[in-house]
Structures are given as C-alpha cells and as structure tokens.
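Student: End of the sequence shown sits at 299 in numbering that gives the first Met the number 0; the numbers just go up one at a time, nothing left out. One structure, as structure tokens, below. Some questions next.
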Amino acid sequence: MAVAQRQRPAAPALRACFAAALFAAVAGIVAVPPAAPAQEGIAVSSGAGVPGFWDPRRRPERPDLSRLQSIRFLTELDYPPFNYAGADGNPVGFNVDLARQLCDEIRVACTIQARRFDLLLDALDDNRGDAVIASIAITPATRRRADFTDPYYRTPARFVARVDSPIGDVLPELVEGKKIAVVAGTAHEAFLKQMFTAAEIRSYANAEAAREALRNKDVDLLFGDGVALAFWLNGSDSAGCCVFRGGPYLESRYFGEGVGIAVKRGNDLLRQALNWALFRDWEKGGFTDLWLRYFPISPF
Numbered sequence: 000m001a002v003a004q005r006q007r008p009a010a011p012a013l014r015a016c017f018a019a020a021l022f023a024a025v026a027g028i029v030a031v032p033p034a035a036p037a038q039e040g041i042a043v044s045s046g047a048g049v050p051g052f053w054d055p056r057r058r059p060e061r062p063d064l065s066r067l068q069s070i071r072f073l074t075e076l077d078y079p080p081f082n083y084a085g086a087d088g089n090p091v092g093f094n095v096d097l098a099r100q101l102c103d104e105i106r107v108a109c110t111i112q113a114r115r116f117d118l119l120l121d122a123l124d125d126n127r128g129d130a131v132i133a134s135i136a137i138t139p140a141t142r143r144r145a146d147f148t149d150p151y152y153r154t155p156a157r158f159v160a161r162v163d164s165p166i167g168d169v170l171p172e173l174v175e176g177k178k179i180a181v182v183a184g185t186a187h188e189a190f191l192k193q194m195f196t197a198a199e200i201r202s203y204a205n206a207e208a209a210r211e212a213l214r215n216k217d218v219d220l221l222f223g224d225g226v227a228l229a230f231w232l233n234g235s236d237s238a239g240c241c242v243f244r245g246g247p248y249l250e251s252r253y254f255g256e257g258v259g260i261a262v263k264r265g266n267d268l269l270r271q272a273l274n275w276a277l278f279r280d281w282e283k284g285g286f287t288d289l290w291l292r293y294f295p296i297s298p299f
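Structure follows, in structure tokens:
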C-alpha cells in the first residue's frame, strides 16, 4: 500500500520529503512586487515572495454548491506551522485556517479533526472524513490513493548563509570550493550533487545538525526546504544568525508537484468546489493575508 508523503525534509522514510517546486509553467509566481517567471532548474528573484499558484486567465467554474451540506476535514498535529495542536489540543495552523476560509467561501459547515498522519488516507477511504488538508505531497503514489485539488503551495529549495557572509548570489560557478550543508538522503542533497559539482557538499543526519554546522561556521552555506528554513529564520532558534541567499530553486525533477487537498477518488463535486474556493480565496486576498501571517520571512 502506498503511504502518503508530505513536505518535510529529513523525515523518516514513512514521511519522506517531497519538497515541491513553484508552479512555473502555468501560474508563475505572484510576488510583491511581481516576480520574474520561474524556470526549471534556475533561481529567480521573488520580491516579498507571496506565492500564487492560480492563473487569473483560468478561472474555475462555480460548481453546484447546493449539493454540499458539510465538509469533514482531516489533518494531523505534528507539522508546524501548517498543522499542530493548539493550547486546547485542537488542530491549528496554516492548513487549518485555510480550511476554515474555504468553508466560509463555500458557505458550508465544516469540522476539522486530527488523525495520525499515516492513517489519513485510510480514514478518507473509510468515509471517516471528506477531505484531507495536511501537507500531503502530490505524487504518483498518493494519486493512486486519492484525488487532489490544484496545488495550493509548493516548497522552493533555498540557500541560507550567515548574515556576515560575503556570499551574495548562489550559482554553481560562484560557490566553487565552498562548503554546503545539506540533510543526507533528501532531494536537496541529490540536487546539489548534480548541479553544484564544484562545491564541497557536507551531508548531515538531520536538519538540526545541518543548521548547527552553519551557526558554528563549519560550512559556508546551508541548502534545504525553503518553508522549513523560513520558519527557522523567523523563530528564536536561529537567533538572527542567518539569511536567505540566492534562489528560490525550482527544479521539479527533484522537488516534485506540490501540495493539494486530498478527496476520495471520484468525489469530483468536492474537488471542484475546493478548487473554486481556493481560487476565490486567493483572488480576494485571503490566501495572501494568511501566508504573510504565517511566513513573515517568505520561503520565496
């Protein structure tokens, strides 16, 4: 049986990282100010970096929402800031707030319940929920288990340097001989080994060890999941040591398709309703406001 995978670097095999690229070919990047179009395998400048994965020229049709009476969302509690337990033990986070915004847009009653991550798609199969919003990566394996909405976020790969580093842009020819920390066994490591062959790649067992190497000046750069790194840079653990440099890097062969909301196979009405609500929420600014609230330091 295929197991759902989510966007978490350096996770165990059950939750292997499928960091995702920007939706370049169709939607490009919507940034503040607007960014240059993304291209495979290269870095682009993204301004304030609010992602937009919806093409205004491809407005989805409004389905017959009268046929929807309620939506039972399922999530999990171990992937902050996207979903985690609040002070009262109930689910909170970016995914949870987005689910509530979609319910408001569709104008239906919704519930949001937590399950163990590896049981979420099983619960969907067993009709114990209608939709899963838990940062499940869209992959060939997960597509065999569920249908997905259009991607509502994708995770760029980013470089991080210390604030006093002289390194500006990060391109293969500019970092020859530089030491780059990365988590072993991830798509980020594979990308570095393929694209940055002149750099000295140092692989670490987990993300904390890689970050510590950068803080201790054992390496010149750190490369990894842009969302996780933005969360770290904005938190107290980084102590203001470091900043993004270069990027984002968007090679989909390494960083996948993105994250969508999973629905039961064949539930086209709910999938279309959520696609319509996602577009409306983005068009009206709700998605942007939510993104900036959770990511004041943008992954883009």
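We put the CB at the ideal spot given by N, CA and C, even for glycine. Remember, predicted model here, so these are calculated numbers, not experimental data.
1. For Tyr248 and Phe230, I'd like the C-alpha separation in whole angstroms.
2. Quick check on Ser297: buried or exposed, where buried means 16 or more other Cβ atoms within 10 Å of its Cβ?
3. Can you tell me which of the three DSSP states Asn126 falls into?
4. Looking at the unbroken alpha helix (DSSP H) that takes in Ala140, where does it start and where does it end?
5. Measure the Cβ-Cβ separation of Pro55 and Ala272 and say whether it is below 7 Å.
6. Once DSSP output is grouped into helix, strand and coil, what is the label at Tyr253?
7. Any idea what DSSP makes of Leu228, helix, strand or coil?
8. If I measure Cβ to Cβ from Glu188 and keep anything under 6 Å in the same chain, skipping five residues before and after, which residues do I get?
9. Spatial neighbours of Pro150 within its chain, please: CB distance less than 8 Å, with the 5 preceding and 5 following residues excluded, ordered by chain position.
10. Examine the Cβ distances between the stretch 232 to 249 and the stretch 160 to 173 and report whether three or more of them are shorter than 8 Å.
11. Using alpha carbons as the reference points, say which of Asn82, Ala108, Ala98 lies closest to Tyr92.
12. Starting from the C-beta of Pro8, find all residues in its chain whose C-beta is less than 7 Å away, skip the five residues before and the five after it, and write them out in chain order.
Tutor: In terms of the structure at hand:
1. 18 Å
2. buried
3. Coil at Asn126, not helix or strand.
4. 139 to 142
5. no
6. helix
7. helix
8. Val181, Ser202
9. Ala19, Phe22, Phe52, Ile137, Glu256, Gly257, Val258, Gly259
10. yes
11. Just to set this straight, residue 92 is Gly in the shown sequence, not Tyr. For Gly92, the nearest C-alpha among the options comes from Asn82.
12. Note that Pro8 has pLDDT 35, beneath the 50 cutoff, so the model's placement of it is unreliable and no number is given.
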